[in-house]
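Single-structure report; data block below.
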Amino acid sequence: LLREASGMSPNYQGDPNNLHNHSANHLDDSHNCSFWLENLPPNVTVHEILGSITDVGRVYALHINRGMVGTKYSHAGAKLVFFDCASAQLFFFNYGRFLGQFIVRGIPITVKRNRIKSPEQRGLPHSHTRCLLVDGPTELVNPGALLTFLRGKLEFELERVVIHRVHPAGRVEIRFSSYRGQAALAAKALSMSHKHTQASGFNLTFTQDPCAPLDSRSR
Numbered sequence: 456l457l458r459e460a461s462g463m464s465p466n467y468q469g470d471p472n473n474l475h476n477h478s479a480n481h482l483d484d485s486h487n488c489s490f491w492l493e494n495l496p497p498n499v500t501v502h503e504i505l506g507s508i509t510d511v512g513r514v515y516a517l518h519i520n521r522g523m524v525g526t527k528y529s530h531a532g533a534k535l536v537f538f539d540c541a542s543a544q545l546f547f548f549n550y551g552r553f554l555g556q557f558i559v560r561g562i563p564i565t566v567k568r569n570r571i572k573s574p575e576q577r578g579l580p581h582s583h584t585r586c587l588l589v590d591g592p593t594e595l596v597n598p599g600a601l602l603t604f605l606r607g608k609l610e611f612e613l614e615r616v617v618i619h620r621v622h623p624a625g626r627v628e629i630r631f632s633s634y635r636g637q638a639a640l641a642a643k644a645l646s647m648s649h650k651h652t653q654a655s656g657f658n659l660t661f662t663q664d665p666c667a668p669l670d671s672r673s674r
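Here the numbering used here = 1-based position in the sequence shown + 455.
What follows is the structure, given as structure tokens:
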């Protein structure tokens with residue numbers, strides 16, 4: 456009942472108590488930054504979805520509702536939200552006007568305006584993204600150490616982890632599926648944990664979202 460009262464499908468797998476998941480029903484389509492993707496493979500990955508999006512804009516959140524093989528819900532669905540209206544409009548123009556614009560594993564994906572509407576994220580700096588770039592001593596900045604630490608602090612899904620450098624110091628890029636509840640919390644947790652090691656070269660910044668055009672963070 457709470458899901459339906461909040462504008463959600465009864466099958467929605469997100470948290471109905473989180474106000475960020477409630478629909479902003481006052482928005483018209485031109486100001487709705489949220490989309491619903493249908494007909495995805497049941498075991499689709501974050502990387503397969505976000506890796507199919509280029510030159511559009513910063514992704515604010517991606518949540519996948521897994522399919523159940525052998526049932527009428529055998530395909531997965533996904534909620535995709537952008538930081539701003541311009542990016543959302545460009546995504547729909549490039550990928551959502553007709554079936555076949557958005558392809559995952561060779562399958563045409565249906566793109567719809569999500570009825571659970573999301574507004575622009577106006578209170579956040581343009582430099583913030585779902586991607587973190589971490590520099591520091593290799594014993595601290597390596598995928599094993601970073602992900603082990605983060606798994607003890609929060610739940611998250613990854614698109615990809617990129618090792619940019621190992622010596623003389625580590626540089627690792629962590630691409631989360633979402634900024635909200637993932638990259639933002641990870642940045643805070645890492646900064647607080649390593650605030651006393653910054654003098655040794657530890658540094659953390661938000662970096663370019665591969666779904667966005669180059670230098671889009673300065674817009």
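The beta-carbon is built from N, C-alpha and C at its ideal position, and this holds for glycine as well.
Q: Would you give the residue range spanned by the beta strand (DSSP E) that Thr662 belongs to?
A: Here Thr662 belongs to no beta strand (DSSP E), and DSSP marks it neither H nor E.
Q) DSSP three-state call for Ala641: helix, strand or coil? A) Here DSSP, grouped into helix, strand and coil, assigns Ala641 to helix.
Q. Since Ser632 contacts Glu612 with CB under 8 Å, what's their CB separation in whole angstroms?
A. Yes, Ser632 and Glu612 are in contact; Cβ-Cβ is about 4 Å, under 8 Å.
**Q.** Where Arg520 sits in the DSSP three-state scheme
**A.** According to the sequence as given, residue 520 is Asn; it is not Arg. In the three-state scheme derived from DSSP, where H, G and I count as helix and E and B as strand, Asn520 is classed as strand.
Q. Is the distance from the Cβ of Val589 to the Cβ of Leu505 below 8 Å?
A. At least 8 Å separates the beta-carbon of Val589 from that of Leu505.
Q | Neighbourhood of Ser485 by C-beta, 8 Å cutoff - its chain only, sequence neighbours within 5 removed | A | Once the five neighbours on either side are set aside, the close Cβ partners of Ser485 are Cys540 and Gln544.
(Q) For Ile564, count the other beta carbons within 10 Å of its own beta carbon; 16 or more makes it buried, fewer makes it exposed. Which is it? (A) Per the 10 Å Cβ criterion, buried.
Q | Residue range of the alpha helix (DSSP H) that includes Leu606 | A | Sequence inspection shows Arg at residue 606; the Leu mentioned does not correspond to that position. Looking at the DSSP string, the run of the alpha helix (DSSP H) that includes Arg606 is Pro598 to Arg606.
**Q.** contact_flag[the stretch 563-577, the stretch 600-614] where n(CB pairs < 8 Å) is 3 or more
**A.** No, they do not touch.
**Q.** Distance between Thr584 and Gln663 (C-alpha atoms, nearest Å)
**A.** Their backbone Cα atoms lie some 7 Å apart in a straight line.
Q: Return helix, strand or coil for Tyr515, following the three-state DSSP convention.
A: DSSP places Tyr515 within a strand segment (E or B) once states are collapsed to three.
Q) According to DSSP, what are the bridge partners of Arg630? A) Note: Arg630 sits in a beta bridge opposite Cys586 and Arg615.
(Q) Output needed for Ala641: all residues of its chain with C-beta closer than 8 Å, excluding positions within five of it in sequence on either side, in chain order. (A) If we look at Ala641 and ignore the five residues flanking it on each side, its Cβ neighbours are Leu587, Leu605, Lys608, Leu609, Phe611, Ile629 and Phe631.
Q: Please list, in chain order, all residues of the same chain as Tyr550 whose beta carbon is under 6 Å from its beta carbon, the five residues on each side excluded.
A: Same-chain partners within the cutoff: Gln556, Phe557 and Val566.
Q | Helix, strand or coil at Ile504 [DSSP, three-state] | A | Ile504 falls in the helix class under three-state DSSP.
Q) In the DSSP assignment, what are the bridge partners of Lys534? A) DSSP, once it has assigned bridges, lists Trp491 and His518 as partnering Lys534.
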